[in-house]
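Peer 1: Shown below is the structure under consideration.
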Amino acid sequence: MSTIDYKETIPNNVNLSGDRRLQRALEKWQPAFLKWWDELGPEASANHEIFLRTAIDVSPKGWAHFDMVKMPEYRWGIFLAAEEEERKIGFGQHKGENAWQEVPGEYRSELRRLIVTQGDTEPASVEQQRLLGLTCPSLYDLRSLFQINVEEGRHLWAMVYLLHAYFGRDGREEAEEMLMRHAGDEDKPRILEAFNVPTKDWLSFFMFTFFQDRDGKFQLSSLAESGFDPLSRSCRFMLTEEAHHMFVGENGLGRVVLRSAQLSADNDTLEIQKYGGIPLPMIQKWMNFHFSICLDLFGQEKSTNAANFYTMGLKGRYMENKIDDDHLLENDSFLIPEFKNGKVMMNEVSALTSINERLRNDYRDDCQRGVDRWNKIISEAGIEYSLTLPHTAFNRNIGTFRNMYFTPEGRPISKEKFENQRNTWMPSAADREFVMSLMVPVTNPGEMAGWLTAPSRGIHGKDIGYEYVRLH
Ligand code: BYC
Ligand code: FE
Ligand code: FE
C-alpha cells in the first residue's frame, strides 16, 4: 500500500525527502504556484471552508479524507499510482522491453512536449472557471466546483513534478511557463484552443466538465499507457480524480435537462424562459459548441506526431492492452473522414497516422452514452425532443474540416450561410445573456436555483441540506 506522507511541506509518495535537490527545486516553485492560485484561482474564495476530499492513499480503492478545508491550505502534492512490478512497454517499436524509469534521451523533446501540453490544460481550466463561485446554483454545486479546481491544481503539480524530476533545467523553465501562460491571454495564451474560452455560466461549466474533462480522460488514458513509467503512474492516479469531474458534468447536465423537461411538460411548450428554465434547444446549442471545440483537442485526423508518439512508445491508444492486434500497427489501416466530391466520405489510411482520429471516435462514443441518458430523462418527462451530438465536421478549427462550413447534420454549406445560421446553432449573445440572467447565487444550505433540480444524493453520506461550504 502506498500512503501519502502529509508531514512533508509537499505531501508525496515519491520519497521526495530522499532527493534534497529536487525537493528544494519544488519548494521554490510552490510559492509561485500559491501566488498564481491567489491571483487567478477561484475568485474571493480564500476564506471559505469547504467540505473537500483529500486523497490519503493512491490505490484504486484509495482512502480519502473529508474535512472542512480552506482552499489555499489544501495539501497539493505529488502522488503516483503504485508501481507495477516488471512493467513492460505495451506497443510501438519497444514493445516487450522494460518500461523506462528514466527519460530515453532520443525521445526527450517529444516526451517533454506531451507533458507540457498536458500540464498546461490543468491551470488553464482553473483560470477559465475562476468567476463561477460568485454565481453558484447551490452550496452542493459550489463544493463540486472547488473540489475540481483544487484537483486540477494538483494535476498541474503532477506534471511539474515530472518536469522537475526528469528534465533538468529546461524542465524547470517549462514549469515556470505553466504559470505565465493564461487562459485567453492575448500575448501568452494557453496551448490548446479550447482552454482559452471563458467559462462564465454554470451551464458552460457542466458542459466543460462533461465534454472537456472527458478529453482529459481519453488523453490521460493514452498517456497512462506510456513506456515512460513515471508518466504512466502519474496519469493513472489522475484518472481516479477525473472520474469525479465527469460525474459532476453528467449529473449537472442531467439535473438541468430534468428541470427543463419538467417545465416544458408543465407549460406545454419548449419556450420556458419566462418560467425560469433553460429551453432544451438552447441546451443543444451549448452542446454543439462545447462538443465541437473539444473534438479539436484530439488533433488532426492524419498526424505524424501521433504516429511517432506511438511508435516511440510514449503515447498509446485508449485501452491499448485490451485491443487485439500486434500493437505495432505498421500494416494496419483505419478509416478517417474527408471531404471529397461534395460530401464527407470515409477514407482508408494507415492506422499509425490516424491514432488521433481513433481516440476521437472513442471519445465520441463515450459522449453519446451521456446524451442517451439525458434523452431518456426527456422522454420520461413526456417531451418529444432529443439532444444530438453534432456531426464531426461541424464548427471545426483543427484538421481536415478547418475553414470549411457544415450544418450540425454534416451538410456542406457556404461560409455566408454558416455565418447567417451561427446563432441558431450555437449560443448567441442574447442566449448567453439570458443564461447569465439565471446565474443568481443560491447560498442557503439545501436550496437550489430554479433552473436545475436537486441532486439525488449528497456527498460522502451527508444530505443535500448540509452546509458544504461555509462562506466567509
Ligand atoms: N489547439 O499533428 P497534430 C485535460 C497543433 S485535457 C491548438 O494533429 P498532435 C483537462 C499541434 O500541437 C487533455 N493547437 O497534433 C481537461 C501541432 O502543432 P505543431 C490534455 C493544436 O501533436 C479539463 C499541429 O496542431 N492533454 O487534461 O498529434 C480540465 C498539428 O497537429 C490543437 C493532451 O492533450 C488544438 N486543439 O495532437 C483540465 C495530451 N490540436 O507540431 C484538464 C497531450 C493540435 O504544428 N497532447 N494542435 O507545432 C497531445 O497528445 C497532443 O499535443 C494533441 C495534438 C493530441 C493535443
Ligand atoms: Fe486534470
Ligand atoms: Fe479534470
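Each residue of the sequence shown is one higher than the last, beginning at 1134 in our numbering. No residue lacks a Cβ here, since even glycine has one placed at the ideal position from N, Cα and C. Model, not experiment: these values are computed from the prediction.
Do residue 1239 and ligand 3 come close, with the Cβ less than 7 Å from some heavy atom?
Peer 2: Numbered from its first residue, the sequence shown carries residue 1239 at position 106. Checking every heavy atom of ligand 3 against the Cβ of residue 1239, none is found closer than 7 Å.
Peer 1: What residues in its chain sit with their C-beta under 8 Å from that of residue 1417, if we drop five residues either side in the sequence?
Peer 2: Along the sequence shown, one-based indexing puts residue 1417 at 284. Contacts found: 1520 and 1521.
Peer 1: What are the partner residues of residue 1233, as DSSP defines its beta bridges?
Peer 2: Reading the sequence shown from its first residue, position 100 is the one you call residue 1233. 1361.
Peer 1: Within the stretch 1471-1524, note down every full beta strand (DSSP E) run reaching 3 residues or more, in order along the chain.
Peer 2: Within the stretch 1471-1524, the complete beta strand (DSSP E) runs of at least 3 residues are 1476-1483.
Peer 1: Determine the contact status of residue 1598 and residue 1583, defining contact as a CB-CB distance below 8 Å.
Peer 2: Locating residue 1598 in the sequence shown gives position 465, where the first residue counts as 1. Locating residue 1583 in the sequence shown gives position 450, where the first residue counts as 1. Not in contact: residue 1598 and residue 1583 (Cβ atoms no closer than 8 Å).
Peer 1: For residue 1516, which of 1216, 1398 and 1571 has the nearest alpha-carbon?
Peer 2: For the purposes of this step, residue 1516 is taken as residue 383 along the sequence shown, with counting starting at 1. Here the closest residue by C-alpha is 1398.
Peer 1: Relative to ligand 3, what is the chain-ordered list of residues with a Cβ closer than 6 Å to any of its non-hydrogen atoms?
Peer 2: Selection output, chain order preserved: 1285, 1346, 1349, 1375 and 1378.
Peer 1: Between residue 1427 and the rest of its own chain, which residues show a CB-CB distance below 7 Å, the 5 nearest in sequence each way excluded?
Peer 2: Within the sequence shown, the letter at position 294 stands for residue 1427. Excluding positions up to five away in sequence, the list reads 1327, 1344, 1345 and 1348.
Peer 1: Tell me whether residue 1603 sits in a helix, a strand or coil according to DSSP, three-state version.
Peer 2: Within the sequence shown, the letter at position 470 stands for residue 1603. Strand at residue 1603.
Peer 1: Just confirm the distance between the C-beta atoms of residue 1535 and residue 1529, as a whole number of angstroms; I'd bet it's less than 8 Å.
Peer 2: As a first step, residue 1535 is located in the sequence shown; it is residue number 402 there, counting from the start. As a first step, residue 1529 is located in the sequence shown; it is residue number 396 there, counting from the start. Their Cβ separation, rounded to whole angstroms, is 6 Å, which keeps residue 1535 and residue 1529 in contact under 8 Å.
Peer 1: Under the criterion of a Cβ to heavy atom distance below 7 Å, does residue 1260 qualify as lining ligand 2?
Peer 2: Here residue 1260 refers to the residue found at position 127 when the sequence shown is read from its first residue. No, ligand 2 has no heavy atom inside 7 Å of this Cβ.
Peer 1: According to the neighbour-count rule (16 or more other Cβ atoms, all chains shown, within 10 Å of its Cβ), is residue 1251 buried or exposed?
Peer 2: One-based indexing of the sequence shown puts residue 1251 at position 118. Residue 1251 is buried by the Cβ-count criterion.
Peer 1: Rounded to the nearest angstrom, how far is the Cβ of residue 1354 from that of residue 1372, given a contact under 8 Å?
Peer 2: Locating residue 1354 in the sequence shown gives position 221, where the first residue counts as 1. Locating residue 1372 in the sequence shown gives position 239, where the first residue counts as 1. Indeed they touch by this definition, with Cβ atoms about 7 Å apart.
Peer 1: Starting from residue 1420 and walking both ways along the alpha helix (DSSP H), at which residues does that stretch end?
Peer 2: Here residue 1420 corresponds to residue number 287 of the sequence shown, with the count starting at 1. Note, residue 1420: alpha helix (DSSP H), 1413-1429.
Peer 1: Provide the residue span of the alpha helix (DSSP H) that contains residue 1260, from first to last.
Peer 2: On the sequence shown, position 127 is the one that residue 1260 refers to. Residues 1241-1261.
Peer 1: Quick check on the DSSP output: the beta strand (DSSP E) that includes residue 1186 runs from which residue to which?
Peer 2: Position 53 of the sequence shown, counted from the start, is the residue given in the question as residue 1186. First-last of the beta strand (DSSP E) with residue 1186: 1182-1188.
Peer 1: Quick check on this structure: which residue in 1334, 1238 and 1220 has the alpha carbon closest to the alpha carbon of residue 1566?
Peer 2: Locating residue 1566 in the sequence shown gives position 433, counting from the first residue. The residue with the shortest Cα to Cα distance from residue 1566 is 1334.
Peer 1: On the DSSP bridge list, what partners appear for residue 1466?
Peer 2: For the purposes of this step, residue 1466 is taken as residue 333 along the sequence shown, with counting starting at 1. Paired residues: 1483.
Peer 1: From the DSSP output, in three-state form, read off residue 1145 for me.
Peer 2: By one-based count along the sequence shown, residue 1145 stands at place 12. Residue 1145: strand per DSSP, three-state reduction.
Peer 1: For residue 1098 and residue 1561, what's the separation of their Cα atoms in angstroms?
Peer 2: Absent from the model: residue 1098. The displayed extent of the chain is 1134 to 1605, so no value can be given.
Peer 1: Ligand 2 heavy atoms versus the CB of residue 1255: any closer than 7 Å?
Peer 2: Here residue 1255 is taken as the residue at index 122 of the sequence shown, counted from 1. Yes.
Peer 1: Please name the residue in 1291, 1403, 1276 and 1210 whose C-alpha comes closest to that of residue 1591.
Peer 2: Locating residue 1591 in the sequence shown gives position 458, counting from the first residue. That would be 1276, whose Cα lies nearest to the Cα of residue 1591.
Peer 1: Quickly, what does DSSP pair residue 1198 with across the bridge? List them, please.
Peer 2: The sequence position of residue 1198 within the sequence shown is 65, counting from 1. Its beta-bridge partners are 1187.
Peer 1: Of the residues 1256, 1188, 1265 and 1272, which one's Cα is nearest the Cα of residue 1588?
Peer 2: Position 455 of the sequence shown, counted from the first residue, corresponds to residue 1588. Nearest C-alpha to residue 1588: 1272.
Peer 1: I'd like the list of long-range same chain contacts for residue 1136, defined as Cβ closer than 6 Å, with 5 residues on each side in sequence excluded.
Peer 2: By 1-based counting over the sequence shown, the position of residue 1136 is 3. Cβ within range, chain order: 1190.
Peer 1: Residue range of the alpha helix (DSSP H) that residue 1562 falls in?
Peer 2: Mapped onto the sequence shown, residue 1562 falls at position 429. Segment 1562-1571, the alpha helix (DSSP H) holding residue 1562.
Peer 1: Suppose contacts are defined by Cβ-Cβ distances below 8 Å. Is residue 1305 in contact with residue 1440 by that definition?
Peer 2: Numbered from its first residue, the sequence shown carries residue 1305 at position 172. Numbered from its first residue, the sequence shown carries residue 1440 at position 307. Against a cut-off of 8 Å, the Cβ pair of residue 1440 and residue 1305 comes out as no contact.
Peer 1: Taking DSSP as the reference, what is the three-state secondary structure of residue 1138?
Peer 2: By one-based count along the sequence shown, residue 1138 stands at place 5. Looking at residue 1138 - three-state DSSP - the assignment turns out to be strand.
Peer 1: Could you tell me the distance, in whole angstroms, from the CA atom of residue 1205 to the CA atom of residue 1451?
Peer 2: On the sequence shown, residue 1205 is found 72 positions in, with the first residue counted as 1. On the sequence shown, residue 1451 is found 318 positions in, with the first residue counted as 1. Rounded to the nearest angstrom, the two C-alpha atoms are 35 Å apart.
Peer 1: When we look at the beta-carbon of residue 1292 and count the other beta-carbons within 10 Å, is it buried (16 or more) or exposed?
Peer 2: The residue you call residue 1292 lines up with position 159 of the sequence shown. Result: buried.
Peer 1: Is it the case that the Cβ atoms of residue 1208 and residue 1139 are separated by a distance below 8 Å?
Peer 2: Taking the first residue of the sequence shown as 1, we reach residue 1208 at position 75. Taking the first residue of the sequence shown as 1, we reach residue 1139 at position 6. Yes, the Cβ-Cβ distance between residue 1208 and residue 1139 is below 8 Å.
Peer 1: Let me know if residue 1501 comes out buried or exposed under the rule of 16 or more other beta-carbons within 10 Å of its beta-carbon.
Peer 2: Along the sequence shown, read from residue 1 onward, the residue named residue 1501 stands at position 368. Residue 1501 comes out exposed.
Peer 1: Tell me whether residue 1432, by its Cβ, gets closer than 7 Å to a heavy atom of ligand 1.
Peer 2: The residue you call residue 1432 lines up with position 299 of the sequence shown. The answer is yes for residue 1432.
Peer 1: Give every residue of the same chain whose Cβ lies closer than 7 Å to the Cβ of residue 1120, excluding the five residues on either side of it in the sequence, and list them in chain order.
Peer 2: This structure cannot speak to residue 1120, because the chain is shown only from 1134 to 1605.
Peer 1: Unbroken alpha helix (DSSP H) runs of length 4 or more, entirely within the stretch 1344-1406: which are they?
Peer 2: Runs of the alpha helix (DSSP H) inside the stretch 1344-1406: 1346-1357 and 1362-1400.
Peer 1: Could you tell me whether the stretch 1232-1244 touches the stretch 1356-1368, where touching means 3 or more Cβ pairs closer than 8 Å?
Peer 2: Taking 8 Å as the limit for Cβ pairs, the verdict is that the stretch 1356-1368 does touch the stretch 1232-1244.
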